[in-house]
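Participant:
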Amino acid sequence: MKWTTGDTFWVMKVSSIGVVQLRAEKVAPRGMEWSCVYPIQALTKPIVNIDYRSGGNRGPCKLCRPASLSFSLSGYCQFLLTPSGKSKRKSYSRAMVPIFASFSLLLISALFIVADCGSIGVNYGRIANNLPSAAKVVELLKSQGLNRVKVYDTDPAVLHALSGSGIKVTVDLPNGQLFAAAKSTSFANSWVQRNVAAYYPHTEIEAIAVGNEVFVDPQNTTKFLVPAMKNIHQALVKSNLHSDIKISSPIALSALQNSYPSSAGSFRPELIEPVFKPMLNFLRQTGSFLMVNAYPFFAYESNTDVISLDYALFRENPGVVDAGNGLRYFSLFDAQIDAVFAAMSALKYDDIRLVVTETGWPSKGDENEIGASTENAAAYNGNMVRRILTGGGTPLRPKADLTVYLFALFNENNKVGPTSERNYGLFYPTEEKVYDIPFTVEGLKNYHDRRSPVAGNQPVNGGKGGVSKSTTGSTWCVANGEAGKEKLQAALDFACGEGGADCHPIQPGATCYDPNTLEAHASFAFNSYYQKNGRHMGTCYFGGAAYVVTQPPSAYSILLSLFNSAHIKLFSA
116 MKWTTGDTFW
126 VMKVSSIGVV
136 QLRAEKVAPR
146 GMEWSCVYPI
156 QALTKPIVNI
166 DYRSGGNRGP
176 CKLCRPASLS
186 FSLSGYCQFL
196 LTPSGKSKRK
206 SYSRAMVPIF
216 ASFSLLLISA
226 LFIVADCGSI
236 GVNYGRIANN
246 LPSAAKVVEL
256 LKSQGLNRVK
266 VYDTDPAVLH
276 ALSGSGIKVT
286 VDLPNGQLFA
296 AAKSTSFANS
306 WVQRNVAAYY
316 PHTEIEAIAV
326 GNEVFVDPQN
336 TTKFLVPAMK
346 NIHQALVKSN
356 LHSDIKISSP
366 IALSALQNSY
376 PSSAGSFRPE
386 LIEPVFKPML
396 NFLRQTGSFL
406 MVNAYPFFAY
416 ESNTDVISLD
426 YALFRENPGV
436 VDAGNGLRYF
446 SLFDAQIDAV
456 FAAMSALKYD
466 DIRLVVTETG
476 WPSKGDENEI
486 GASTENAAAY
496 NGNMVRRILT
506 GGGTPLRPKA
516 DLTVYLFALF
526 NENNKVGPTS
536 ERNYGLFYPT
546 EEKVYDIPFT
556 VEGLKNYHDR
566 RSPVAGNQPV
576 NGGKGGVSKS
586 TTGSTWCVAN
596 GEAGKEKLQA
606 ALDFACGEGG
616 ADCHPIQPGA
626 TCYDPNTLEA
636 HASFAFNSYY
646 QKNGRHMGTC
656 YFGGAAYVVT
666 QPPSAYSILL
676 SLFNSAHIKL
686 FSA
């Protein structure tokens, strides 16, 4: 058709939640240009973002490039054809409001369903003796608009309850079964038939997590990971389910050798050739994604001197500039995720997507677990929901809309470790909310981050601009279990001897003697030496017997000393 002055059109882009994806490419006549007239409003600002392909600009709905229009759009917006070089917004936006209002009455509900944004799911852990039945849990998920759930096994009662619910499910093959899955194709075939094919498609299983944080598994199952993933995939192929169900494996941030600045993110060298390259190649070949567990809480509570609470909770803050690429970060979460993206990019796997399979903040903790509170948990998770559902990727990957699984659905009273471990839940076992946050875009319309007047206003790194290496959680030194007993023992002897580490707490009968293993004692000694020497580069190496982690390993209890006024902290799963 021919376009003339005053012509308008609406554009909508439907996300993967919906069924259609559109790109608008309309050419204006000579001397004319398209102007974005009025975006649909959500929250306090437009959720519409336009990517001007010709100029690379990105931002809320605003003037388009002259003559042609080619963009990707989140939500929908009205465009008006006007003479080039004139102020369109001033002339037309007020007049177009009635059209927008009537149109929005018809489509406003559709906007909240189809915005091209990320997705929020939840981890349904069951290490408790007081949880509601699986059937009640499914009704709770549906009532809250949660349409994705991740479980840590393939419990029949749970998978049966999810049947016909419309909720997409990620199931888990436990670490303890990696050996069998890696060594036996018949085991893999049987596992898929019994735990996946028997329920699909009525139970909408969309992914299988093969193991969980395998690199910190004390049973040394790392070498079985990729073979197990391949065998499970082949079992899916045999059942003709490989196109519908993806396979991956959640990694902890401790898999990173470097995480600060984010642009320098890299994987631990000893894992690159035997694990990461073959795993990322497998993910690429199967069209899958990397699963990552990220907990800014761990980094914050151990580094409150250099990390702003606002930066950790997605609140307004001056941001932190990455010295490597000049990008400015406004949240610790984004910085952590981009460190993983950078690590993949360093191995030439820029095309691999990322799903955050665990993240959360505890509503209660021990006295030394700084930052664990109901207010902070509500702020982190509520602002996370808003951050993900209103679209946009990370500074390094601005178009990488993320799927994020909050940890966890319930407070789980049988979990061991510090108080925080039993208080990550969004709900009490009674199904009452621990704090009131929404889980849908519709619910975000009335959501406000309710903060106390004195909370979270400290500057990032004293307002000096950058942050220390510890900001992204690279603050602990732990033993490398694959280094071998001789190397660990020699390094332990050095740390406790001429190295000057405080090893009294790991002597027989002392407070930190248990667990009485070489790796646990070495981790304690190495971290003591590392903290004593100011966490300087090179003080956590010990000839390859140790490495720096970005957060405490969460798969098993390990003693880690922060040596801040001689306080000892115990982190566990």
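Just so we're aligned: the sequence shown equals residues 116 to 688 in our numbering.
Note that the Cβ used here is the ideal one computed from N, Cα and C, for glycine as well.
(1) In terms of DSSP beta bridges, what is aspartate 516 paired with?
(2) Going by DSSP, which residues form a beta bridge with aspartate 287?
(3) Starting from arginine 399 and walking both ways along the beta strand (DSSP E), at which residues does that stretch end?
(4) Would a C-beta distance cut-off of 8 Å place serine 364 and methionine 344 closer than the cut-off?
(5) Answer with buried or exposed for glutamate 431, where buried requires no fewer than 16 other C-beta atoms within 10 angstroms of its C-beta.
(6) Taking the alpha-carbon of valine 549 as reference, which of Leu603, Ala494 and Ala598 has the nearest alpha-carbon?
(7) Along the chain, where does the beta strand (DSSP E) that runs through glycine 236 open and close?
(8) At 4 residues or longer, and completely inside the region 289–368: list those alpha helix (DSSP H) runs for me, N to C.
(9) Specify, as a first and last residue, the run of the beta strand (DSSP E) that alanine 661 falls within.
(10) From asparagine 408 to lysine 647, what does the alpha carbon distance come to, in whole angstroms?
(11) Based on Cα-Cα distance, which residue from Phe657, Asp551 and Gly624 lies nearest to glutamate 601?
(12) In the DSSP assignment, the alpha helix (DSSP H) including valine 455 goes from what residue to what residue?
(13) For alanine 515, which residues from the same chain have a beta carbon less than 6 Å from its beta carbon, with the 5 sequence-adjacent residues on both sides left out?
(14) Secondary structure at alanine 616, three-state DSSP: helix, strand or coil?
(15) Between proline 411 and phenylalanine 456, is the Cβ-Cβ spacing less than 8 Å?
(16) Which runs of the beta strand (DSSP E) fall wholly inside the region 474–527 and span at least 3 residues, in chain order?
(17) Who does tyrosine 562 pair with in a DSSP beta bridge?
(18) In the DSSP assignment, the beta strand (DSSP E) including asparagine 373 goes from what residue to what residue?
(19) Run the CB neighbour count on aspartate 629, radius 10 Å, all protein chains shown included, and call it buried at 16 or more, exposed below.
(20) In whole angstroms, what is the alpha-carbon distance linking glutamate 484 and serine 535?
(21) Which of the three DSSP states, helix, strand or coil, is assigned to leucine 442?
(22) Can you list, in chain order, the residues of its chain with a C-beta nearer than 7 Å to that of valine 307? Leave out the 5 residues immediately preceding and following it.
(23) For the putative contact between isoleucine 452 and valine 471, defined by C-beta atoms under 8 Å, what is the C-beta separation to the nearest angstrom?
(24) What does the alpha-carbon distance come out to for the pair serine 488 and aspartate 268?
(25) Please work out which residues of its chain come closer than 7 Å, Cβ to Cβ, to phenylalanine 382, disregarding the five sequence neighbours upstream and downstream, and give them in chain order.
(26) By how many angstroms is the C-alpha of serine 301 removed from the C-alpha of serine 278?
(27) Whole angstroms is fine: what's the gap from cysteine 627's alpha carbon to leucine 633's?
(28) Pull up the DSSP beta-bridge partners for asparagine 418, would you.
(29) Please tell me whether leucine 356 and valine 311 are closer than 8 Å, where the distance is taken between their beta carbons.
(30) Would you mind giving the Cβ-Cβ distance between glycine 614 and tyrosine 644, rounded to the nearest angstrom? I have them listed as a contact below 8 Å.
(31) In terms of residues, what are the limits of the alpha helix (DSSP H) holding alanine 598?
(32) Once DSSP output is grouped into helix, strand and coil, what is the label at leucine 469?
(33) When you compare only the Cα positions, how much space is there between glutamate 597 and alanine 295?
(34) When you compare each of Gly486, Ser478 and Gly506 to tyrosine 543 by their alpha carbons, which one comes out closest?
(35) What are the partner residues of phenylalanine 382, as DSSP defines its beta bridges?
(36) In or out: asparagine 327 buried (at least 16 other Cβ within 10 Å) or exposed?
Facilitator: Inspection of the coordinates gives the following:
(1) None, per the DSSP bridge assignment.
(2) Ala324
(3) Careful: arginine 399 lies outside any beta strand (DSSP E), inside the alpha helix (DSSP H) at 392–401.
(4) yes
(5) exposed
(6) Ala494
(7) 234–239
(8) 293–298, 300–307 and 340–353
(9) 661–664
(10) 29 Å
(11) Phe657
(12) 447–461
(13) Gly508
(14) coil
(15) no
(16) 518–521
(17) DSSP lists no partner for tyrosine 562.
(18) 371–373
(19) exposed
(20) 8 Å
(21) coil
(22) Ile347, Ala350, Leu351 and Ser354
(23) 7 Å
(24) 29 Å
(25) Ala370, Leu371, Gln372, Phe391 and Ala458
(26) 27 Å
(27) 13 Å
(28) Paired residue(s): none; asparagine 418 is not in a bridge.
(29) yes
(30) 5 Å
(31) Run containing alanine 598: none; DSSP gives neither H nor E here.
(32) strand
(33) 21 Å
(34) Ser478
(35) Leu371
(36) buried
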